[in-house]
Amino acid sequence: MDKVLSLSVSPHIHSGRTTAGIMRDVLISLAPAAIAGTVIFGLRALLVIAVCVASCVLFEALFNMIVKKDQTVGDLSAAVTGLLLALNLPAGIPIWQCVIGSLFAIVIVKCLFGGLGHNPVNPAITARVFMLVAFGSMTVQSFPTVVDTVAGATPLPSIAEGNAPDLAELFLGLTGGAIGETCALALLLGFVYLLVRRVITWHVPVSFVGVVFLLSLFKEGFDVVQALSLVLSGGLLLGAIFMATDYVTSPSTAKGKLVFGIGAGLITFMIRYFGVYPEGVSFAILFMNILTPYIDSLTAHKVFGGRKA
Amino acid sequence: MSFFLSGVHVPHRKHTAGQSAVYMPTPKTITLPVSMHIGVPARPSVKVGDPVYVGTPIAEATGAVSSPIFSGISGKVTKISEMLLAGGNTVPAVTIESDGEMTVDSAIRPPVVNTREDMIEAIRASGVVGLGGAGFPTYVKFNVDPSRIEVLIINGAECEPYITSDSLTMVDRVDDMVYGLEAMKKHFGIRQIIIGIEKNKKRAIASMQALAKRVSGVTVHVLPAVYPQGGEKVLVYHTTKKVIPAGKLPIDVGCIVCNCTTVAAIGNYLKTGMPLIRKCVTVDGGAVKTPQNVIVPIGTSLAEVFDFCGGFVTAPEKVLYGGPMMGITVPDLNAPILKNTNAILALTAEETKLPKPTACIRCGSCTNACPFGLAPSSILRAYQKKDTALLEKLSVETCMECGCCSFMCPASRPLVQTNKLAKALLKETRMKEASKNG
């Protein structure tokens, strides 16, 4: 036999799961929300999505070229960041702000910390918070009016005043908000896809949304419709399903994920009711990102058989 | 305390399941390295030119943990030379040329076993070692105060992909197993025996349930079909709910774990006096023309066994002793079938394709796959920093090297591979400290 046999240490087979495959699944799971956003807010939404995705991929490619690192855009994580960022922005946002936001997400938050896996906080969330603070991007002017329902950044303030839109309209997303956050139906479709593909587990989304629902229910005097309206409004579902489950910046064990979800739910609730901003999902996730290393070390699996004596 | 031991779903690829084993014609030569077990290598007891028969001892056990080796063919010793084993050590190997007669050694007769000591001696003399793959001399396991043995667990999990030779034992060698189990019960005072089998091995389960009706004290425990059920600590936990503490043995929680083929080999020796001279080996992998279970004399070269199975349809990328999750790659096909070889696999490049390693995305797949709840990605970072204190804290020595972490890692990082290095590093550090203090 001519061919030399390869020698290596076991295992000799692999599950076939790859980072790029996981990121591809995340992109697919976000497609319904992106399509719904385009239908609801028009082609301007599609332009924002295209610009954010293209800028994120381009900035990562350029960064790798400049610092002479192996090219990593093939892992699709930059595309995911771009898409998530876009879905968190209003359709009317100036395009130059999209580009700056993408630059911030990819270069400052991700690449300068060492690239995928090394960023302490979620790039898209952090960029959204940066844009909110720096440009006031989430102001009413950037949000196009949808049909003849409540206009504005989010229906949250009007719900708080007791002018809740119809639950069915909220579920379909025919209300004000960022491109990808309004259509609960599309987001839940993506959630089911991610669960079926075993990309994420239920722990973070269910505990996060569950805590917000229960606290709202309590605060609203056990008015279920009102509490549901609060759950379906703002960036809660988008954040809880797609951003709070980011592998890099959330805990890895089931116990840790529950701590993360409950914590994020609490903070979201507190900001919504007691903060100066109408919405607190981004801040809540960002804060829990920072706590993640501590949650991880406190919720590590118990080792079977303990340590060697 | 209760644990959920995870694990992974590996592809089964048990192409040879349900087939009977085939006897291979006598090979022209066999080569027997004197170390096919954990412990001190045996010492050759024959010279070049000596005639040998089927069952003739060719190397004797030396030291407290060792095992004798026997010829599986008749003929004469033609060579004793150094051989490099797949594990990296070099030991003497005895080459025997067949006379084609397969004459049985006239000294072969069943051992006389009346006491516990006789039984230990018989198991030692049978040359039987852990046939599940570990190769630990079986008599050493049983050489404990019999009052400590509460339960004997028979490992029929066979959780590695491809391999079906243990299932065949449980279907085709029931009488040998019964003989072995009855003797163990009688001489070691064992009252409870649990046979653990993964639930997807229906024929083996049915056969062992029938055995349980014949032998009192035996129960069959059906295990989930999740790799690695055959891991000793996993098996003990799932069959008895007992947790073996780190650094301890099954006997420390009152258990002895013994592979099903090991039991059959002991039973066969007690019944006939024929020591361990042949093995049923699963020959499989995408490169093999006719995958099947083949019964061959120990010492037969892999090349001859593969040739018997129709040779290769494509050139194999890797040839393994054992399964793809924990098996050892073989450098060349002249390597012999060993006592603890339960399968030889010739894998194509496609079958054994591993993705290129990329950055850790902290997804937690490794720690969620680990049956023991270890954190392989943290261990990898600690090893890169050579932080031995942290490695100890992360309990890397608990790792059984099952490979679930590497199998699942989407970044294809060398996780279990690093665990092995980290374990070696800790051992080395301990030895250095001991020599400094001592």
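Quick note, the sequences are listed as chains L and E, same order. According to my numbering, the residues represented by the first sequence are 9 to 317, in order. According to my numbering, the residues represented by the second sequence are 91 to 528, in order. For each residue, glycine too, the CB sits at the ideal point set by N, CA and C.
Just measuring C-alpha positions, the residue of L:Ala86, L:Gly122 and L:Val212 sitting nearest Lys76 of chain L is L:Gly122.
Assigned with DSSP and collapsed to three states, Cys348 of chain E falls in strand.
Sequence-distant Cβ neighbours of Tyr201 of chain L in its own chain, meaning closer than 6 Å and more than five residues away, are Ser37. For Cys60 of chain L, the uninterrupted alpha helix (DSSP H) run begins and ends at Leu51 to Ile74, by DSSP.
According to the DSSP assignment, Pro147 of chain E belongs to the beta strand (DSSP E) that extends over Pro147 to Glu150. Shown here for Thr180 of chain E: same chain residues with a beta carbon closer than 6 Å to its own, the five before and five after excluded, namely Glu172 and Leu174 in chain order. Scanning L:Ser305, L:Ala135 and L:Pro98 for the CA closest to the CA of Ser290 of chain L turns up L:Ala135.
As DSSP reads the structure, Asp374 of chain E sits in a beta bridge with E:Leu435. Proximity to Gly190 of chain E across E:Val184, E:Glu211, E:Ser196 and E:Gly165 peaks at E:Gly165, based on C-alpha coordinates. Per DSSP, reduced to three states, the secondary structure at Pro500 of chain E is coil, with no helix or strand assignment.
Of all residues in the stretch 312–342 of chain E, only Lys323, Tyr327, Val333, Ile334, Pro335, Ala336, Gly337 and Lys338 come within less than 8 Å of chain L when Cβ atoms are compared, listed by chain position. Identification of chain E residues near Ala308 of chain L by a Cβ-Cβ cut-off of 7 Å yields Ala465, ordered along the chain. Thr261 of chain L has a beta carbon lying within less than 8 Å of a beta carbon in chain E.
In this structure, L:Ala262 is the residue among L:Phe282, L:Ala262, L:Leu306 and L:Ile298 with its C-alpha nearest to the C-alpha of Ser96 of chain E.
Non-local C-beta neighbours of Val129 of chain L in its own chain, meaning closer than 8 Å and more than five positions away in sequence, comprise Val117, Thr257, Leu294, Asn297 and Ile298, ordered along the chain. As the crow flies, the alpha-carbon of Gly264 of chain L is around 25 Å from that of Gly29 of chain L. Taking a contact to require three or more Cβ pairs closer than 8 Å, the stretch 151–167 of chain E and the stretch 210–217 of chain E qualify as touching. In this structure, Cys345 of chain E lies near Glu240 of chain E, with their beta-carbon atoms less than 8 Å apart. The criterion of a C-beta distance shorter than 8 Å is not satisfied by Val218 of chain E and Tyr143 of chain E. Contact between Phe143 of chain L and Val212 of chain L is absent: CB atoms are separated by about 29 Å, not below the 8 Å threshold. In the three-state DSSP reduction, Pro213 of chain L falls in the helix class (H, G or I). Gln507 of chain E sits buried, since 16 or more C-beta atoms from the chains shown fall within 10 Å of its C-beta. Scanning its chain for C-beta atoms nearer than 7 Å, with the 5 sequence neighbours on each side dropped, one finds around Val353 of chain E the residues Ile244, Met267, Gly270 and Leu271, in chain order. Annotation: Val207 of chain L to Asp33 of chain L spans about 8 Å, alpha carbon to alpha carbon. Ala113 of chain L is classed as buried because its beta carbon has at least 16 other beta carbons within 10 Å across all chains shown.
Closest by C-alpha distance to Arg206 of chain E, out of E:Val347, E:Val343, E:Val378 and E:Ile280, is E:Ile280.
Thr448 of chain E reaches chain L at Thr27 and Asp83, counting residues in chain order whose Cβ is nearer than 7 Å.
The beta carbon of Ile198 of chain E sits closer than 7 Å to the beta carbons of Gly145, Gly363 and Met364 from its chain, once the five residues preceding and following it are set aside; these are given in chain order. Scanning chain E for C-beta atoms nearer than 8 Å to the C-beta of His211 of chain L yields nothing, as the closest lies near 11 Å away. Residues of the stretch 162–189 of chain E that bring their beta carbon within less than 8 Å of a beta carbon in chain L are absent altogether. Contact annotation: in the stretch 411–425 of chain E, residues whose CB is within less than 9 Å of a CB in chain L are Gly412, Gly413, Pro414, Met415, Met416, Gly417, Ile418, Thr419, Val420, Pro421, Asp422 and Leu423. Contact with chain L is found for Ser485 of chain E, since one of that chain's Cβ atoms lies less than 8 Å from the residue's Cβ.
Contact between the stretch 326–342 of chain E and the stretch 218–230 of chain E is absent: fewer than 3 CB-CB pairs across the two stretches fall below 8 Å.
Chain order gives no chain L residues near Phe232 of chain E, where near means a beta carbon separation below 7 Å; the closest approach is about 23 Å. Here Ala292 of chain L has Ala272, Ile275 and Thr276 as same chain residues with Cβ atoms under 6 Å from its own Cβ, once five neighbours each way along the sequence are excluded. Contact holds between the stretch 330–349 of chain E and the stretch 484–501 of chain E, because three or more Cβ pairs, one in each stretch, are under 8 Å apart.
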